[in-house]
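So the structure is just underneath, and the comments pick up after that.
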Amino acid sequence: MKLHDLKPAEGGKTKGKRVGRGRASGHGKTSTRGQKGQHARNTTRPGFEGGQMPLIRRVPKLAGFKNPDKLYYELVNVGRLNDFKASETVDPTALTGKGLIKKATLKVKILGDGEVSKALTVKAHAFSKAAKEKIEAAGGRAEVL
């Protein structure tokens, strides 16, 4: 048997019903849709569930919205800076190296929880007031990037 010998099964290929092509076809006028009503008119919108409360209205909505302009910071407490050697410069790449933040590409904010005992030069995108005071009290510098 070759490809050119293949044929569909007997009665396997029938022509489609051509509706709305005149009365003589037997499928004219109402085109097999019957008289009047929703199904004759084909007027249901997407998501219509036959009068039942639709899924989109049954599901609870999420409150509020997500501000696209909000700044997100990687947060590091001042107490964690004791892992660094004295007079060492602490910047986002150094913090990533010690595993204190996940990505050096994100902005870093230093918060004031804990105590710092070494004079460090800390470079970050933001500092809390308490953190800045504690770093400077220990003899270090807080530089905003």
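Per the numbering used here, residue 112 is the first one in the sequence shown, and the count goes up by one each step.
Backbone N, C-alpha and C fix where the C-beta goes; we use that ideal spot for every residue, glycine too.
From a predicted model like this one, the values you see are computed outputs, not experimental measurements.
>> Could you compute how far the alpha carbon of Val189 sits from the alpha carbon of Lys181?
In response: Straight-line Cα distance between these residues: approximately 24 Å.
> Mind checking whether His236 and Lys214 have CB atoms under 9 Å apart?
Replying inline: Going by beta carbons, His236 and Lys214 fall outside the 9 Å limit.
> Hey, how far is the Cα of Lys118 from the Cα of Val130?
Replying inline: Each residue's Cα considered, the two are about 28 Å apart.
> Under a three-way DSSP split, which group does Lys218 fall into?
Replying inline: In this structure, Lys218 counts as strand in the three-state DSSP scheme.
> What is the DSSP secondary structure of Asn193, reduced to helix, strand or coil?
Replying inline: Looking at Asn193 - three-state DSSP - the assignment turns out to be helix.
> From Gly161 to Lys113, what does the alpha carbon distance come to, in whole angstroms?
Replying inline: Between Gly161 and Lys113, the alpha-carbon positions lie close to 52 Å from each other.
> Ordered along the chain, which non-local residues of its own chain (more than five positions away) have a Cβ less than 8 Å from that of Phe238?
Replying inline: Once the five neighbours on either side are set aside, the close Cβ partners of Phe238 are Lys220, Ile221, Ile246, Ala253 and Val255.
> What first and last residue would you give for the beta strand (DSSP E) that runs through Glu254?
Replying inline: Note, Glu254: beta strand (DSSP E), Arg252 to Val255.
>> Suppose you measure from the CA of Thr141 to the CA of Ala174; what does that come to, to the nearest Å?
In response: One C-alpha to the other measures close to 48 Å.
> Using the rule of at least 16 other Cβ atoms within 10 Å of the residue's Cβ for burial, across every protein chain shown, is Lys196 buried or exposed?
Replying inline: Counting other Cβ atoms within 10 Å of its Cβ, Lys196 stays below 16 and is therefore classed as exposed.
>> Rounding to the nearest angstrom, what Cα-Cα distance links Gly250 and Asp194 in this structure?
In response: Those two C-alpha atoms are separated by around 16 Å.
> How many angstroms separate the CA atom of Gly223 from the CA atom of Val170?
Replying inline: For Gly223 and Val170, the distance between alpha carbons rounds to 43 Å.
> When the Cα atoms are used, what is the spatial distance from Ser228 to Val201?
Replying inline: Going from the Cα of Ser228 to the Cα of Val201 covers about 14 Å.
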